[in-house]
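To keep things clear, I will list the structure first and then write my remarks on it.
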Amino acid sequence: MIIMQLNGVSKSFGADEILSNVKLEIKENDRIAIVGRNGAGKSTLLKIMAGEYSYDEGDLIKPKDLTTGYLSQHTGLESDKTIWNEMVEVFRDLVKQEQELRGLEKEMEQAATLSEKKYEQLLVDYDRKQQAFDAGGGYRYEADIKAVLTGLHFHDYDYDTPINELSGGQKTRLALGKLLLKKPDLLILDEPTNHLDIDTLSWLENYLAGYPGAVTIVSHDRYFLDKTVSIVYEISRHKTKKYHGSYSKFLEQKAQDFEQEMKEFEKQQTEIKKTEEFIQKNIVRASTTKRAQSRRKQLEKMEKMERPKGDESSASFSFDINRRSGNDVLKIDSLSFRYEDNLIFSNVDVQVNRGERVALVGPNGVGKTTLLKTIIGGLQPSSGTVKIGTNVEIGYYDQEQQTLTPTKTVLQELWDEYPLVNEKDIRTVLGNFLFSGDDVLKLVQSLSGGEKARLSLAKLMMQKANLLVLDEPTNHLDIDSKEVLEAALQDFSGTIIFVSHDRYFINKITDQIVEMQQDGSTLYLGDYDYYTEKKQEEAELKQLQETKEAVDTQDHRKAKFKEDKMLQREARKRQRRIDELEAKIEELEARLEATEQKMTDPEVYQDHEKALELTKQTGDLKQEIEKLLEEWTALQEETT
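Remember, the working numbering sits 1242 above the position in the sequence shown when you count from 1.
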């Protein structure tokens, strides 16, 4: 069933046309990506779908009861509430129902004071409200909140933390979490992967895979799109075109479509040329003029194809070096960094040789950017050493673009760094980064995030450093610009160490990965896919070891139980023998006493044979008692 349809929708801002005759439809449970260059109108289209922007022409059709949830690029949850109380707001109706149930339960406790009819009515009301509470998810909403907060890496936070004490990135993650908990029929997400580390990205991919409604996403994260969407709409030259399949399938299909369109165009051009030549040769001959006129009419009626336009213009650049570095480029030993009383990381070891590409990965807050800043000398470590090799020249890309001067123009920003270079050459460099004409006279502070990123890359290219230290270089870049950057870095003859959450980019660039933990680092010799395989293996081995330990523990417990049972049986058997021995010894001692008493009788001791017999009996009794006492003593010692 179609839940939203856009027919011929157009939108302009003043004289600038953004969208023209856009067609788009969304069905239940669709997973849709909207892709295109920066400035193509992707965010504008999402705002129209979410009802935040009006449109100039066309129709937007949707059911009246359709619920939509929209997350914009720069949304941050602003609230005076705590993390938990803000999330619980989503389930306000369930909380109210729960309070009503607790009230009914208190009334039911007073059953003795109620009439039978009143009590029966109370039970009916309670049963009805409990079923409604259960059907609405009342018994799992707290678990849902905890699952989302854990997935968005708030599991280490006190849920009573006020939201206004959190960072901008954390507020953005909470805005996403609250939207996911609302579960609208249509989820509209504009760059939802911003501020998410790799673990959280993986969680979000899995969450969206099982989401009960439709999802429409704008994202420049190709890995994320491949994992989440099955339909792609590309916005190019103000219009949309639909493709079925993942993002990678879209790229393949787009290339095939362009090739087919170009073949059809060239075929038609060949046909037109032949027809024109026939007309030119035969129009003046009396015998063939009718045929030529007929061909001319056919040519006039022909619906002529436009040359396929292909991709829009792309940035074009490469990274060169002034001179070659030594083989040992960078060595980090037992590095630690502490900010005031907070330990950021410790015992980090990294060694980088010439030509290597090293990606730093790890959760947000583990200190990846901090490590890069210690490498370039911007921060001093608490302990450990950073050694830069011979002839190493460092070029640094700052994800915050703090090296740019807001009050300068684009041209000044680059030319002031390299005043000896001709203006024409500076303009040529800027043109390669898509700054043409009057664009170079724009103030830096007026540039978009993508434009600032391209300007920073232009400055980095001009530096010709042989060690590139890059902090999230793909942030703010559209997919096309990312691909150009990837190609430039793949051809770079120097060394690269970088931080990125873009898993596709990591796969393309890196040949080794250093995973940072708070208490150390681990080296993986391979790309991102290899790293994930090894992590999966490690997780499986850990689970196997835990299972083995659990089985061993269980086996040990069973063996211990059997041993205890056996010992208990032995103890009971020993105690029964002790009791038997004590009874026997008591009996023998009584007999011994009676025999010895008889021996004092004058009639007995005067009768030599009788006395001898009794003497032998007492000796036998004493010997038997002694033997039993020895056994009794040994058993008593075993017991203690």
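Using N, Cα and C, we set each Cβ at its ideal position, and we do this for glycine too.
query: Between the CA atoms of Gly1281 and Val1652 - distance to the nearest angstrom; result: 18 Å
query: Sub-9 Å separation of Leu1288 and Val1264 beta-carbons; result: no
query: Own chain partners of Phe1675 with C-beta closer than 6 Å, once the 5 adjacent residues on each side are dropped; result: Ala1557, Arg1696 and Ala1700
query: Extent of the continuous alpha helix (DSSP H) to which His1743 belongs; result: It is not in any alpha helix (DSSP H) - His1743 carries neither H nor E in the DSSP assignment.
query: Proximal residues to Ser1488 (C-beta, below 6 Å), its chain only, five neighbours per side dropped; result: Asp1468
query: Helix, strand or coil at Leu1709 according to DSSP, with G and I counted as helix; result: strand
query: Backbone secondary structure at Met1504 - three-state DSSP; result: helix
query: Cβ neighbour criterion (16 or more within 10 Å) applied to Asn1606; result: buried
query: Bridge partner(s) assigned by DSSP for Thr1579; result: Checking the displayed sequence, the identity of residue 1579 turns out to be Phe instead of Thr. In the DSSP output, where bridge partners are listed per residue, Phe1579 has Phe1587.
query: Beta strand (DSSP E) runs wholly inside the segment 1358-1406, at least 3 long, in chain order; result: none
query: Met1841 in three-state terms, based on DSSP; result: helix
query: Cα-Cα separation, Pro1239 to Gly1679; result: Residue 1239 lies beyond the residue range present for the chain, which begins at 1243 and ends at 1882; the question has no answer from this structure.
query: Nearest to Ile1473 (by Cα), restricted to the options Lys1484, Tyr1465 and Ile1525; result: Lys1484
query: Collapsed DSSP secondary structure at His1437 in the structure displayed; result: coil
query: Gly1411 (DSSP reduced to helix, strand or coil); result: helix
query: For Asn1249: DSSP bridge partner residues; result: Asp1301
query: Residue span of the alpha helix (DSSP H) that contains Leu1313, given as start and end; result: Premise fails: Leu1313 lies in the beta strand (DSSP E), Thr1310 to Leu1313, not in any alpha helix (DSSP H).
query: First and last residue of the uninterrupted beta strand (DSSP E) at Ile1430; result: Leu1428 to Asp1432
query: Beta-ladder partner(s) of Ser1478, from DSSP; result: Lys1481
query: DSSP bridge partner residues for Asn1595 (one or two, in chain order); result: Asp1570
query: Residue span of the alpha helix (DSSP H) that contains Ser1678, given as start and end; result: Segment: none, Ser1678 is in no alpha helix (DSSP H) and carries neither H nor E.
query: Between the CA atoms of Ile1514 and Gln1522 - distance to the nearest angstrom; result: 12 Å
query: Exposure of Met1808, with buried meaning 16 or more beta-carbon neighbours within 10 Å; result: exposed
query: Contacting residues, own chain, Cβ-Cβ under 8 Å from Arg1816 (five flanking each side not counted); result: Leu1877, Glu1880 and Thr1881
query: Of the residues Gln1593, Met1291 and Thr1716, the one placed nearest Leu1308, counting alpha carbons only; result: Met1291
query: Straight-line Cα distance separating Glu1331 from Leu1493; result: 42 Å
query: Thr1860 - DSSP class collapsed to helix/strand/coil; result: helix
query: Endpoints, the alpha helix (DSSP H) within which Gln1341 is located; result: Arg1334 to Glu1351
query: Span separating the alpha-carbon of Pro1623 from that of Leu1767; result: 26 Å
query: Contact the segment 1799-1814 vs the segment 1625-1638: 3+ CB pairs below 8 Å; result: no
query: Ile1274 beta carbon less than 9 Å from that of Ile1574; result: no
query: Beta-carbon proximity of Arg1537 to Thr1512, cut-off 9 Å; result: no
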